[in-house]
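Residue numbers (this note's numbering): 206 to 565.
Idealized CB from N, CA, C, for every residue including glycine.
Please read these numbers as outputs of a predicted model, since none were measured by experiment.
For reference, the structure discussed in these notes is given below.
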Amino acid sequence: MKKNMFPLLTLLSLAVFLFACRKDNTPIDPQSTYQKDVEKMLRFFKDHEPVVEKFMVDAGTGATIALQNGTKITFSPDAFINSGGGVVTGNVTIGARVFIKPSEMILADKPPVTDAGQILETFGEALVTAEQNGQPLALNPQQKPPNVQVPLPAANANGANREIPMWDGDTTVNVEYSGYNHENVFTTITQAYTIKKGMEWTQIPGSFGVGNAAATYFPLDNLGDWRNCDALYNIAAPKTTVLGYFGDKFNIKTGNNYSGQDPTQLFFKVSGVNTLVKLYNPIFNPIPGKEGLLSYQNSIPVGANGTFLAMSTVNGKFYAEMRDVTIAPGSGTNYMGISFNLQEVSEAQLLQLIEQMNSK
206 MKKNMFPLLT LLSLAVFLFA CRKDNTPIDP QSTYQKDVEK MLRFFKDHEP
256 VVEKFMVDAG TGATIALQNG TKITFSPDAF INSGGGVVTG NVTIGARVFI
306 KPSEMILADK PPVTDAGQIL ETFGEALVTA EQNGQPLALN PQQKPPNVQV
356 PLPAANANGA NREIPMWDGD TTVNVEYSGY NHENVFTTIT QAYTIKKGME
406 WTQIPGSFGV GNAAATYFPL DNLGDWRNCD ALYNIAAPKT TVLGYFGDKF
456 NIKTGNNYSG QDPTQLFFKV SGVNTLVKLY NPIFNPIPGK EGLLSYQNSI
506 PVGANGTFLA MSTVNGKFYA EMRDVTIAPG SGTNYMGISF NLQEVSEAQL
556 LQLIEQMNSK
């Protein structure tokens, strides 16, 4: 799918002016330091992202698998077909990841926000694969789709069952570049980039899960694609824009990194709601001290209580701050500005802060 990408930050002019010299007068390019910070953050998330859980099931008889977080997935008999359309028998290897906690969404870079910037309350984000002898399998359209049971209650206020929409998740966008080639022929190429906001969720028409007082259940209609059982977080309140200022703890490589994780990141969780917002847009052309990230325009509910988690890597060190706030725009403005005071933390301390988001 085609998407308009946020403009790439041009750092070449900065590289001309921001340099130092060694005692032997050899120039030091600060960009190499910033790039090492990018790699440091990438390693942190790679080391701590939720693992894919593996299971062996009998395709002919079906099975129910149980994940470590309490999620259960039930496959009916003859649930799989091979690339030729034949029904699969014998042992099949299942790979599954189902995220139900904010810490999992942070570490896996899967915040539940719609493609239009609306906040979602999630009841499970799932990616399931199946293979036999190293060959990927598909679901048998003649059988009932696998059922995912998540240990998250989702009943209506009166205790009745609640219908919850299903969402399709995409992790990449395609960007087209055009120009004249070596034979002066106008040429267009397409490149895929990881979505900077982690995941783009689009509602699947006519597909729903159901929640009761004990758990949430939703169908798995495809293998190898992300699926999300989420409800729009709608409250009767005006919306505002939030700007988070990082000052000297903002890494200038943020916004110029298409590997999926930026060296400076900001998350917001509404208090008592199983959701997570990633503020990923860099503030454009800020004055000194106001470098940072901002939300979608008019997307955060005024009056909402919640918690921000700000994190950054600068000069080879981790910095972070967790702050509880009530969303309120400044007097006479259409936004809320927050000046964070990030402090140096260890890798273990940063991981603890992320896990604390589960209880916010």
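Classify R248 as buried or exposed, calling it buried when 16 or more other Cβ atoms lie within 10 Å of its own Cβ.
Taking the first residue of the sequence shown as position 1, residue 248 is located at position 43. It counts as exposed.
Compute the beta-carbon to beta-carbon distance between G374 and E405, rounded to the nearest angstrom, for a pair I have assumed lies under 8 Å.
For the purposes of this step, residue 374 is taken as the residue at position 169 of the sequence shown. For the purposes of this step, residue 405 is taken as the residue at position 200 of the sequence shown. G374 to E405, Cβ: 7 Å. Contact.
Between the CA atoms of P341 and N287 - distance to the nearest angstrom:
Working through the sequence shown from its first residue, we reach residue 287 at position 82. Working through the sequence shown from its first residue, we reach residue 341 at position 136. Straight-line Cα distance between these residues: approximately 7 Å.
K483 vs P316 beta-carbon contact at 8 Å:
Looking up residue 483 in the sequence shown gives position 278. Looking up residue 316 in the sequence shown gives position 111. Cβ atoms of K483 and P316: closer than 8 Å.
Scan the segment 447-512 and note each continuous beta strand (DSSP E) run of 3 residues or more that stays entirely inside, going in chain order.
469-475, 482-484 and 497-499
Would you mind working out which of A343, N417, P351 and Q396 sits nearest P358, comparing C-alpha positions?
As a first step, residue 358 must be located in the sequence shown, where it is residue number 153. Of A343, N417, P351 and Q396, the residue nearest in Cα terms is N417.
Of the residues E552, N503, T531 and G542, the one placed nearest M516, counting alpha carbons only:
Along the sequence shown, read from residue 1 onward, the residue named residue 516 stands at position 311. That would be E552, whose Cα lies nearest to the Cα of M516.
Spell out the partners DSSP gives P350 in its beta bridges.
Position 145 of the sequence shown, counted from the start, is the residue given in the question as residue 350. Bridge partners of P350: none, in fact.
Given that a residue counts as buried once 16 or more other Cβ atoms are within 10 Å of its Cβ, and exposed if not, what is E330?
Along the sequence shown, read from residue 1 onward, the residue named residue 330 stands at position 125. Answer is buried; the Cβ neighbour count reaches 16.
Is V221 helix, strand or coil by DSSP?
Numbered from its first residue, the sequence shown carries residue 221 at position 16. Below a pLDDT of 50, predicted positions are generally treated as unreliable, and V221, at 37, falls in that range; no measurement from the model is reported.
When the Cα atoms are used, what is the spatial distance from D283 to F260?
On the sequence shown, residue 283 is found 78 positions in, with the first residue counted as 1. On the sequence shown, residue 260 is found 55 positions in, with the first residue counted as 1. Roughly 17 Å separates the two Cα atoms.
For chain D, find out if any of its Cβ atoms is closer than 8 Å to the Cβ of M516; answer yes or no.
Checking the listed chains, one finds no chain D in this structure; it contains a single protein chain.
Proximity winner among T518, C434 and K277, relative to E258 (alpha-carbon distances):
The residue labelled residue 258 in the question sits at position 53 within the sequence shown. E258 has its Cα closest to that of K277, out of T518, C434 and K277.
Backbone CA spacing between T534 and E526 [nearest angstrom]:
Counting from one through the sequence shown, the residue named residue 534 turns up at place 329. Counting from one through the sequence shown, the residue named residue 526 turns up at place 321. It is worth fixing the name first, because residue 534 is Pro in this sequence and not Thr. Cα to Cα, the separation comes out at about 21 Å.
Tell me whether K251 sits in a helix, a strand or coil according to DSSP, three-state version.
Indexing the sequence shown from 1 puts residue 251 at position 46. Correct three-state label for K251: helix.
With a cut-off of 8 Å, do at least 3 Cβ pairs link the segment 363-373 to the segment 407-421?
yes
Between the C-alpha atoms of Y239 and N456, what's the straight-line distance to the nearest angstrom?
Residue mapping note: residue 239 aligns to position 34 of the sequence shown, counting from 1. Residue mapping note: residue 456 aligns to position 251 of the sequence shown, counting from 1. So the alpha carbons of these two residues sit roughly 7 Å apart.
Does DSSP put Y438 in a helix, a strand or coil?
Residue 438 sits at position 233 when you count from the first residue of the sequence shown. It is coil, neither helix nor strand.
If you pair each beta-carbon of the segment 438-456 with each one of the segment 348-362, do three or more pairs fall below 8 Å?
no
Where does the unbroken alpha helix (DSSP H) through I308 begin, and where does it stop?
Numbered from its first residue, the sequence shown carries residue 308 at position 103. The sequence shown places Ser at residue 308, not Ile. Here the alpha helix (DSSP H) through S308 covers P307 to L312.
What residues match up with T393 in a beta bridge as DSSP calls it?
As a working note, residue 393 is residue 188 in the sequence shown. Answer by DSSP bridge pairing, in chain order: S383.
If we count the other Cβ atoms within 10 Å of its Cβ and call it buried at 16 or more, is T518 buried or exposed?
If you number the sequence shown from 1, residue 518 lands on position 313. With 16 or more other Cβ atoms within 10 Å, it is buried.
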